[in-house]
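The structure under discussion appears below in the form of structure tokens.
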Amino acid sequence: MKKMFFLMLGYKQALMMALAMFPLWLFGQSTFKPVLTEGKSWEVARVRPGTTDTINTYILSVSGDTIINNLTCKKILIVSEDSQKSSKTAVAYEENGKVWNVRENGEMELLFDIGLHLWDDFFVSYVIVEDFVRVNGVSRKRIMITTDYEDVEYDYNYYVVEGVGVNNNFWLGGQTGDIGPCVMLSCSENGDIIFTKDDFTKDDYVPLVREGVVWEYVGYNSVLGPVAGEEVELYTLEFNGTTEITDNVGWTYVYHNLYRTNYDEQGNAQEPYLAAYAKEKYEQVDAIGVNYWPGFEVPTDRVYHFYAPMFIIPPSYPTYPYPYNLDNATMIDLEIAGTFRKTYQITCDGAIPFVDDFKIIEGIGVDCAFGDLLMPYRLFSADANSGAGEKMAGLSAVYENGELVYKGCMYDVAQQLKHKKEDVNGDGDITSADVTALYDFLLGNINEAPASYDVDGDGAVTSADITSVYNYLLGN
723 MKKMFFLMLG
733 YKQALMMALA
743 MFPLWLFGQS
753 TFKPVLTEGK
763 SWEVARVRPG
773 TTDTINTYIL
783 SVSGDTIINN
793 LTCKKILIVS
803 EDSQKSSKTA
813 VAYEENGKVW
823 NVRENGEMEL
833 LFDIGLHLWD
843 DFFVSYVIVE
853 DFVRVNGVSR
863 KRIMITTDYE
873 DVEYDYNYYV
883 VEGVGVNNNF
893 WLGGQTGDIG
903 PCVMLSCSEN
913 GDIIFTKDDF
923 TKDDYVPLVR
933 EGVVWEYVGY
943 NSVLGPVAGE
953 EVELYTLEFN
963 GTTEITDNVG
973 WTYVYHNLYR
983 TNYDEQGNAQ
993 EPYLAAYAKE
1003 KYEQVDAIGV
1013 NYWPGFEVPT
1023 DRVYHFYAPM
1033 FIIPPSYPTY
1043 PYPYNLDNAT
1053 MIDLEIAGTF
1063 RKTYQITCDG
1073 AIPFVDDFKI
1083 IEGIGVDCAF
1093 GDLLMPYRLF
1103 SADANSGAGE
1113 KMAGLSAVYE
1123 NGELVYKGCM
1133 YDVAQQLKHK
1143 KEDVNGDGDI
1153 TSADVTALYD
1163 FLLGNINEAP
1173 ASYDVDGDGA
1183 VTSADITSVY
1193 NYLLGN
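The numbering of the sequence shown is this note's numbering, which starts it at 723 and goes up by one.
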């Protein structure tokens, strides 16, 4: 059976490796929602260079096909909305997320490429954001490009969105038709607006660090997951209150207090204790331990980055296969608590014995058997006893404002732990056999009942204990 090997690197090294590898699997798709389709049109505004002043507006629309250099291109009708109602026709070509302007002599000039990845160069620019934006129920890949180079006299940022185009810069109107720098006001399909200029910068990200949420985990030791006879524990993590922390150079930051609550073998909650401090900015979470030294450099660990998760297989294990197929990672929309959350789903191809796949969910975190909020990617080892001193952990459930909103990969295991008292006969499972054991005692077939028969803990074995087991079996 395949084994997994993970190495917890220094967070800076791990992050750089993650940024380098992450786009290879997340955005490995070769097909994108096309920009140039019949019925598609755009309203763009020409702006005065260096300002936001609108000079004129245009309607650009896809208007049939034309063949140039044996390529099937799209004609773009450009209609001015000024008093003269002048119009012209340009030509563009699209393939695999790239859109070119095609000039009369057949020369092609690349306008934009939605297939670019984080840190990719694009002429005198490079990609600084690679994510998805959801508008009108449709998720589209989005990249943000900057020209923030020292040798460039001007700099600006602009967005490219799958199936829509570019929000400013030269868009289709710049190179195609020579109407100058433009800003896209809206994109329509068959007369209906599907995207506006404000949607390019839309940010509906659900933060991980917030109050009112309880994360429940199952902790264990074995690399193969919780196995029979192994010591398994149940605990929860939640944010409650804030603390101001000043670093050695005098900068003060507001951190959220993260509390941990352990549960005993009977499922009773112990006294919560402060486990760490955490803060979130730009979709990444930094945390520090409770025993840091004030006045010195704050030992911050980057424990979570939604767009650059740090599950890195170190190259020092070349003989072991990747635990999942890198091509099988996909972006999905997951409905949680009435809202859609961006979710990265990674298929493990059976490489992990107890997890078919794992997910990275905005507002939820990492749903896998690798760790918890403070260490979502723990050290894996072939020897269960040679770990890094930290137990493994798997997400079992997430509760928001007291309501169960998400069941993690360890949900069933956690239910067994929380309802250990219903395991009357002690065989490790809660089944009808436990009901039968109680009936045998109440009918006089067993003279003396073990302590486990008193399910509700009232000091006597009665029909109420049978009811408790039935409630569990019925899911109540």
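Even for Gly, the Cβ is constructed at its ideal location relative to N, Cα and C.
Bridge partners - residue i, DSSP secondary structure assignment
i            : result
residue 793  : 790
residue 769  : 776
residue 1090 : According to DSSP, which records beta bridges pairwise, residue 1090 is partnered with nothing at all.
residue 998  : 980, 1011
residue 763  : 783, 910
residue 917  : 909
residue 844  : 847
residue 1063 : 1056
residue 1080 : 1068
residue 1026 : 1007
residue 1136 : DSSP, once it has assigned bridges, lists no residue as partnering residue 1136.
residue 801  : 781, 809
Residue i classed as buried or exposed, judged by whether at least 16 other C-beta atoms fall within 10 angstroms
i            : result
residue 775  : exposed
residue 1008 : buried
residue 1175 : buried
residue 1012 : exposed
residue 1190 : buried
residue 836  : buried
residue 745  : With a pLDDT of 39 at residue 745, under the threshold of 50, the predicted position of this residue should be treated as unreliable, though the coordinate-derived value follows. Looking at its Cβ environment, which holds 16 or more other Cβ atoms inside 10 Å, residue 745 is buried.
residue 759  : exposed
Neighbourhood of residue i by C-beta distance below 6 angstroms, restricted to the same chain and skipping five residues each side
i            : result
residue 799  : 783, 785, 811
residue 1115 : 939, 941, 1093, 1094
residue 761  : 911, 912
residue 801  : 781, 809
residue 754  : 819, 836, 884
residue 907  : 765, 767, 919
Beta strand (DSSP E) segment containing residue i, residue limits
i            : result
residue 1222 : Here the chain covers residues 723 to 1198 and nothing more, so residue 1222 does not appear.
residue 976  : 974-985
residue 1114 : 1114-1122
residue 857  : 847-857
residue 820  : 820-824
residue 960  : 955-968
residue 831  : 830-835
residue 1129 : 1125-1129
residue 1168 : Counting along the chain, residue 1168 falls outside any beta strand (DSSP E), and DSSP gives it neither H nor E.
residue 812  : 809-817
residue 882  : 879-883
residue 938  : 935-942
Unbroken alpha helix (DSSP H) run spanning residue i, endpoints
i            : result
residue 1188 : 1185-1195
residue 1162 : 1154-1164
Cα-Cα separation between residue i and residue j, rounded to whole angstroms
i            : j            : result
residue 1258 : residue 1120 : Residue numbering for the chain in the displayed model covers 723 to 1198; residue 1258 lies beyond these limits and cannot be assessed.
residue 1168 : residue 977  : 58 angstroms
residue 821  : residue 924  : 23 angstroms
residue 889  : residue 766  : 9 angstroms
residue 834  : residue 958  : 46 angstroms
residue 936  : residue 1188 : 31 angstroms
residue 866  : residue 1128 : 31 angstroms
residue 1084 : residue 854  : 12 angstroms
residue 1054 : residue 1090 : 16 angstroms
residue 982  : residue 999  : 12 angstroms
residue 796  : residue 886  : 15 angstroms
residue 1192 : residue 1165 : 18 angstroms
residue 793  : residue 848  : 29 angstroms
residue 1061 : residue 1161 : 46 angstroms
residue 1184 : residue 1086 : 41 angstroms
residue 764  : residue 780  : 8 angstroms
residue 680  : residue 817  : For residue 680 there is no data in the structure shown, the boundaries of the chain being 723 and 1198.
residue 777  : residue 905  : 11 angstroms
residue 1058 : residue 953  : 32 angstroms
residue 962  : residue 1124 : 14 angstroms
residue 1159 : residue 1186 : 14 angstroms
residue 863  : residue 881  : 10 angstroms
residue 975  : residue 967  : 5 angstroms
residue 1065 : residue 1081 : 6 angstroms
residue 845  : residue 1122 : 46 angstroms
residue 943  : residue 1117 : 15 angstroms
Residue i beta carbon near the ligand MN (any heavy atom closer than 7 angstroms)
i           : result
residue 976 : Because no ligand of any kind appears in the structure shown, any question about the ligand MN cannot be addressed here.
Close-in-space but distant-in-sequence residues of the same chain around residue i (CB under 8 angstroms, 5 per side omitted)
i            : result
residue 986  : 992
residue 857  : 916, 917, 921, 924
residue 1154 : 1195
Beta-carbon proximity list for residue i, same chain, < 7 angstroms, skipping 5 on both sides
i            : result
residue 1005 : 927, 1027, 1028, 1029
residue 965  : 977, 979, 999
residue 832  : 820, 822
residue 1126 : 1119
residue 788  : 795, 797, 813
residue 1098 : 1025, 1026, 1087, 1088, 1092
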